Amino acid sequence: MVHPLITQKHVDDYQHDGVVLIKGLFKDHVEELRAGVETNMADPGPYAAENLKEGEQGRFFDDYCNWTRIPEFENVIRHSPVAAVAADLMQSKSVQVFHDHVLVKEPGTSKPTPWHQDGPYYFVEGQQTVSFWAPLDPVTEASLRCVAGSHQWEKPVLPTRWLSEEDFYAGEDIYMPVPDPDAENMKVVEWAMEPGDAVAFNYKILHGARGNNAPCRRRAFSLRLLGDDARYVERAGPTSPPFPGHGMKAGEKLREDWFPTILNG
Numbered sequence: 060m061v062h063p064l065i066t067q068k069h070v071d072d073y074q075h076d077g078v079v080l081i082k083g084l085f086k087d088h089v090e091e092l093r094a095g096v097e098t099n100m101a102d103p104g105p106y107a108a109e110n111l112k113e114g115e116q117g118r119f120f121d122d123y124c125n126w127t128r129i130p131e132f133e134n135v136i137r138h139s140p141v142a143a144v145a146a147d148l149m150q151s152k153s154v155q156v157f158h159d160h161v162l163v164k165e166p167g168t169s170k171p172t173p174w175h176q177d178g179p180y181y182f183v184e185g186q187q188t189v190s191f192w193a194p195l196d197p198v199t200e201a202s203l204r205c206v207a208g209s210h211q212w213e214k215p216v217l218p219t220r221w222l223s224e225e226d227f228y229a230g231e232d233i234y235m236p237v238p239d240p241d242a243e244n245m246k247v248v249e250w251a252m253e254p255g256d257a258v259a260f261n262y263k264i265l266h267g268a269r270g271n272n273a274p275c276r277r278r279a280f281s282l283r284l285l286g287d288d289a290r291y292v293e294r295a296g297p298t299s300p301p302f303p304g305h306g307m308k309a310g311e312k313l314r315e316d317w318f319p320t321i322l323n324g
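Quick note on the numbering used here: the sequence shown kicks off at 60 and runs consecutively.
#1: Would you kindly check if the distance between the Cβ of Trp-192 and the Cβ of Ser-281 is under 8 Å?
#2: Flag this pair as yes or no: are the beta carbons of Asp-76 and Asn-125 separated by less than 8 Å?
#3: Should Lys-164 be labelled buried (16 or more other beta-carbon atoms within 10 Å of its own) or exposed?
#4: Please tell me whether Ala-259 and Val-79 are closer than 8 Å, where the distance is taken between their beta carbons.
#5: Where does Lys-152 land, buried or exposed, given buried means 16+ other C-beta within 10 angstroms?
#6: What is the rounded straight-line gap between the Cα of Val-135 and the Cα of Val-89?
#7: Which first and last residues belong to the beta strand (DSSP E) in which Glu-249 is found?
#8: Taking Cβ positions, are Pro-140 and Pro-274 nearer each other than 8 Å?
#9: Identify the continuous beta strand (DSSP E) that holds Gly-267 and give its terminal residues.
#10: What residues match up with Glu-243 in a beta bridge as DSSP calls it?
#11: Rounded to a whole number of angstroms, what is the C-alpha to C-alpha distance between Gly-296 and Met-252?
#12: Within its chain, find whatever has a CB closer than 8 Å to the CB of Phe-227; leave out the 5 residues flanking it on each side and keep chain order.
#13: Considering only DSSP beta bridges, list what Pro-303 is partnered with.
#14: Answer with buried or exposed for Ile-233, where buried requires no fewer than 16 other C-beta atoms within 10 angstroms of its C-beta.
#15: Would you mind working out which of Leu-285, Glu-131, Gln-187 and Ala-108 sits nearest Tyr-123, comparing C-alpha positions?
#16: Give the single residue among Lys-312, Gly-267 and Glu-293 whose Cα lies nearest to the Cα of Pro-238.
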């Protein structure tokens, strides 16, 4: 039996396409998450960034790895249905926290979120991974866009820095260039979403988001979780998030004191 919020078709589609929409995953926690975002923006962490160049209109704020210092985020992570739903989608007995991520596009922010896969930025590999992207405002044009099936590509996509547009791991030939899914007629899926809905996607899914030309801000809370087969890997350069001083070695499960298990079936 799967969690009541999803069906077996969600699980099957997640395994095949690498991405599904979960209606109402955080519906009981929207105000709590909004409060956490406000706390985060008022007191940014060390990784906070403003992602617009001089002269670009609007504001595009993001920050990550704050759940241990923002009580609202920790409460949602530990007490919402997210861990149980993640276990079903990943087909994993255990669920481990990797990190949280807040993304805010103010009205009139026409800059899109660049196409990218999350996995190449991270120091973790595995088939059992899931990111949840949950808007805290109604979204249409500024919704997440994902390329279905891209988690099965033979080569990962080269990670780049969003502001400078530089390559993250210069000189590495194991990556493919960032494609243009619209020009290349790839299967792009996106949904109009209500606050508390969530897109669930594998770390290897190519995704991006349109700019926000709506009259209201677009706040989104993302949560990255890991399953049974996730292991630490070495990359060709600093990862994002970096987690300095972690002390892990290639092939190890991520350390429990930093990345706690929130479900163990």
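Ideal placement from N, C-alpha and C gives every residue a C-beta, glycine not left out. Model, not experiment: these values are computed from the prediction.
Answer, in terms of the structure:
#1: For Ser-281 and Trp-192, yes; Cβs fall inside 8 Å.
#2: No, the pair does not count as a contact, with Cβ atoms beyond the cut-off.
#3: Lys-164 should be labelled buried.
#4: Contact: yes.
#5: Burial check for Lys-152: the Cβ neighbour count within 10 Å stays below 16, so the residue is exposed.
#6: Going from the Cα of Val-135 to the Cα of Val-89 covers about 10 Å.
#7: 247–249 is the extent of the beta strand (DSSP E) around Glu-249.
#8: It is not a contact, given that the beta carbons lie outside the stated cut-off.
#9: Bounds of the beta strand (DSSP E) holding Gly-267 are 266–268.
#10: Paired residue(s): none; Glu-243 is not in a bridge.
#11: Gly-296 and Met-252: Cα-Cα distance of roughly 36 Å.
#12: In chain order, Pro-179, Tyr-180, Leu-217, Pro-218, Thr-219, Arg-220, Gly-296 and Ser-299 place their CB closer than 8 Å to the CB of Phe-227, counting only its own chain and leaving out the 5 sequence neighbours on each side.
#13: Looking at the DSSP assignment, Pro-303 forms no beta bridge with any residue, so it has no partner.
#14: Exposed is the label assigned to Ile-233, since fewer than 16 other Cβ atoms lie within 10 Å of its Cβ.
#15: Closest option to Tyr-123, Cα to Cα, is Ala-108.
#16: Ranking Lys-312, Gly-267 and Glu-293 by Cα distance to Pro-238 puts Gly-267 first.
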